[in-house]
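Protein chains in written order, with my numbering: chain Y, 1159 to 1487; chain B, 134 to 425.
Spelled out as structure tokens, the structure:
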């Protein structure tokens, strides 16, 4: 069976200029550099990583909002049409996006009910009376009352706005929802509500999610599979419980050891030195080696491939099998 | 339990609330604009005399408030033509020129701004060069050149007025559209599969309309003043037609003997432009739903 979403070798480069205009030389920034994954219907892939590691660019590439430099995206076996073309616009019915900041994703001059109806008008679904009924039903499905229909976005709370964005995305019955940090702009109490809503909708509608976040515990809670990104590449991918319990890649270990736990003394922390390198000058070999406490000469020379380990997960590290297990969670 | 407030205070607060929403100065300005529109629309009915009718026995007769007589309430000019009648016809013509001029500028400018922001790259560069060119040339000189070469007619004059300030709308529309496209509602709607027409027509335009309308209220008085300036120089509206600027221009010869010929249209110009600016200021606050 083919997966709902197949991404293979996806890459995106940006031309940038280093230094002030007339003097700087032009350079290439590899925002995403050869990412492959699959998502099956009704499943969730969590994508985690530091800021600037290419998570959001991956989301935009998957949706075709940014053109890929290399690689391809297939939805249900069909290749993603060129951005902005009529088939691409029709494809929007099958894949939708949930944004980090719901207030900026909504038109503040239009009543939210009309915005929920808008995808139906865009794709010519139903008569105008039915659209209204359907929009009200969808707003109820995401936990909003009918009287919210006539409100403006700024009159709603953050959680309610995110529900409006969700209702707008779901009204065309998509198969895939790309959630780009859907909860990081919300209060902690609202975060739980929205995550529960997402899980509930997945169970009811069989949605597939690409869930992007830097909140590892949230990702562990919602995902069926987790991929960890570092500087535009996936460094480890696998079952969330296994990946968070016994992280294989040194970078994942550092991320996992940064999750706050109640009993501090029980565990050693792996604290990373320095900032992630600028993606314009990517270190040779393994991109993580300057910050890796285990790096050896080979890591500086050779780029590690993402390979399947004995326990079924995948990691991109030369030394996975040789690393000490003692301090890992 | 709360005590019922006395009836008088409710009434006062209702009045107070009314004046917060409609400040007195704005009401005066709106009333003046309404008066100007009525005068322009009903010019033929309101004017007591045909505006070219000569009354040589009543030449340079002063207006009522300067000791004149009621047959010519605002006095008459050097040929005995009724100043009030001429003023009414001038208001009609000046408003017409300024209105269509502003409309042309706003339409052309906004469209250019959208085109630049949508296509980016070379198209944007060309439009930006045009904008800079327009902004760096003194428009009065261009207008003089065009009118001198192509002769003078009303349509050409209106089109020229329209070309006067398009670059401002283009800049505003381009900047706001770029920021809307980059992140936020426009890209969200585009992501839903909306066509360009829907994105720009139904989402971007209503969102930037308040800024555009306010800048229209700034350019509208400028257009009146520009037309007045050109007519004053004798290159705008040609006699026997008369506009506000043209009246000021021909009235200056009699400034010492009959100042009312020039003062009446000058007063209308000042009060009209001021009113429109005040209303524009007020509109800026009214048109933003998040400020209410």
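Where a beta carbon is used, it is the ideal one built from N, C-alpha and C, also for glycine. Source: prediction; values computed, not measured.
Alpha-carbon to alpha-carbon, residue j and residue i
| i | j | result |
| --- | --- | --- |
| residue 187(B) | residue 170(B) | 27 angstroms |
| residue 394(B) | residue 176(B) | 19 angstroms |
| residue 290(B) | residue 193(B) | 31 angstroms |
| residue 1475(Y) | residue 1305(Y) | 54 angstroms |
| residue 208(B) | residue 351(B) | 32 angstroms |
| residue 1311(Y) | residue 1269(Y) | 7 angstroms |
| residue 1400(Y) | residue 1394(Y) | 11 angstroms |
| residue 406(B) | residue 232(B) | 12 angstroms |
| residue 321(B) | residue 1161(Y) | 26 angstroms |
| residue 210(B) | residue 402(B) | 19 angstroms |
| residue 1230(Y) | residue 1413(Y) | 29 angstroms |
| residue 134(B) | residue 419(B) | Note that residue 134(B) scores a pLDDT of 45, beneath 50, so its modelled location is shaky and nothing firm can be said. |
| residue 1429(Y) | residue 1408(Y) | 11 angstroms |
| residue 255(B) | residue 151(B) | 51 angstroms |
| residue 1361(Y) | residue 1334(Y) | 13 angstroms |
| residue 1168(Y) | residue 1309(Y) | 41 angstroms |
| residue 1446(Y) | residue 1197(Y) | 26 angstroms |
| residue 1488(Y) | residue 1439(Y) | The structure shown has nothing for residue 1488(Y), since chain Y only spans 1159 to 1487. |
| residue 1487(Y) | residue 1441(Y) | For residue 1487(Y), the predicted structure reports a pLDDT of 40, less than 50, and the residue's modelled location is therefore unreliable. A value from the coordinates is still provided. If I take the Cα positions, the gap works out to 28 angstroms. |
| residue 1284(Y) | residue 1325(Y) | 17 angstroms |
| residue 382(B) | residue 342(B) | 36 angstroms |
| residue 251(B) | residue 1184(Y) | 25 angstroms |
| residue 389(B) | residue 377(B) | 19 angstroms |
| residue 1478(Y) | residue 1402(Y) | 15 angstroms |
| residue 313(B) | residue 1263(Y) | 10 angstroms |
Cβ-Cβ distance between residue i and residue j below 7 angstroms
| i | j | result |
| --- | --- | --- |
| residue 1453(Y) | residue 1338(Y) | no |
| residue 1199(Y) | residue 1385(Y) | no |
| residue 306(B) | residue 246(B) | yes |
| residue 302(B) | residue 243(B) | yes |
| residue 295(B) | residue 237(B) | yes |
| residue 1232(Y) | residue 1382(Y) | no |
| residue 353(B) | residue 264(B) | no |
| residue 1195(Y) | residue 1220(Y) | no |
| residue 332(B) | residue 162(B) | no |
| residue 1398(Y) | residue 1378(Y) | yes |
| residue 1170(Y) | residue 1244(Y) | no |
| residue 404(B) | residue 165(B) | yes |
Where residue i falls, given that 16 or more other Cβ within 10 Å makes a residue buried
| i | result |
| --- | --- |
| residue 1174(Y) | exposed |
| residue 203(B) | exposed |
| residue 83(B) | Absent from the model: residue 83(B). The displayed extent of chain B is 134 to 425, so no value can be given. |
| residue 1489(Y) | Examination of residue 1489(Y) is not possible in this model, given that chain Y is present from 1159 through 1487 alone. |
| residue 1471(Y) | buried |
| residue 1432(Y) | exposed |
| residue 380(B) | buried |
| residue 1330(Y) | buried |
| residue 1485(Y) | Note that residue 1485(Y) scores a pLDDT of 47, beneath 50, so its modelled location is shaky; the value from the coordinates is reported in the next line. Residue 1485(Y) comes out exposed. |
| residue 286(B) | exposed |
| residue 1347(Y) | exposed |
| residue 1332(Y) | buried |
| residue 348(B) | buried |
| residue 1417(Y) | exposed |
| residue 1265(Y) | buried |
| residue 1250(Y) | buried |
| residue 1396(Y) | buried |
Bridge partner(s) assigned by DSSP for residue i
| i | result |
| --- | --- |
| residue 1172(Y) | 1187(Y) |
| residue 1205(Y) | 1370(Y), 1385(Y) |
| residue 1396(Y) | 1384(Y) |
| residue 1193(Y) | 1168(Y) |
| residue 1513(Y) | The question about residue 1513(Y) has no answer here: the residues shown for chain Y are numbered 1159 through 1487. |
| residue 430(B) | Nothing about residue 430(B) can be reported from this structure: the residues present for chain B run from 134 to 425 only. |
| residue 1334(Y) | 1253(Y), 1366(Y) |
| residue 1472(Y) | 1395(Y), 1466(Y) |
| residue 1228(Y) | 1169(Y) |
| residue 1163(Y) | 1197(Y), 1233(Y) |
Per-residue contacts from residue i into chain C (C-beta, under 7 angstroms)
| i | result |
| --- | --- |
| residue 309(B) | Note that chain C does not occur in the displayed structure, where the protein chains are Y and B. |
- request: Would you check if the region 1247 to 1260 of chain Y and the region 1296 to 1304 of chain Y touch, i.e. whether three or more CB-CB distances between them fall below 8 angstroms?
  value: no
- prompt: Three or more C-beta pairs closer than 8 angstroms, one from the region 1304 to 1324 of chain Y and one from the region 354 to 368 of chain B: is that the case here?
  reply: no
query: Between the region 1207 to 1226 of chain Y and the region 1385 to 1397 of chain Y, are three or more C-beta pairs nearer than 8 angstroms?
result: yes
- prompt: Do the region 1203 to 1211 of chain Y and the region 1370 to 1379 of chain Y meet, that is, are 3 or more Cβ pairs less than 8 angstroms apart?
  reply: yes
task: Please determine if the region 272 to 290 of chain B and the region 205 to 221 of chain B are in contact, where contact requires at least 3 C-beta pairs separated by less than 8 angstroms.
output: no
query: Is the number of C-beta pairs between the region 1341 to 1355 of chain Y and the region 1235 to 1248 of chain Y that are closer than 8 angstroms three or more?
result: no
query: Between the region 257 to 267 of chain B and the region 331 to 338 of chain B, are three or more C-beta pairs nearer than 8 angstroms?
result: no
- prompt: Any chance the region 1260 to 1279 of chain Y sits against the region 346 to 361 of chain B, with 3 or more Cβ pairs inside 8 angstroms?
  reply: no
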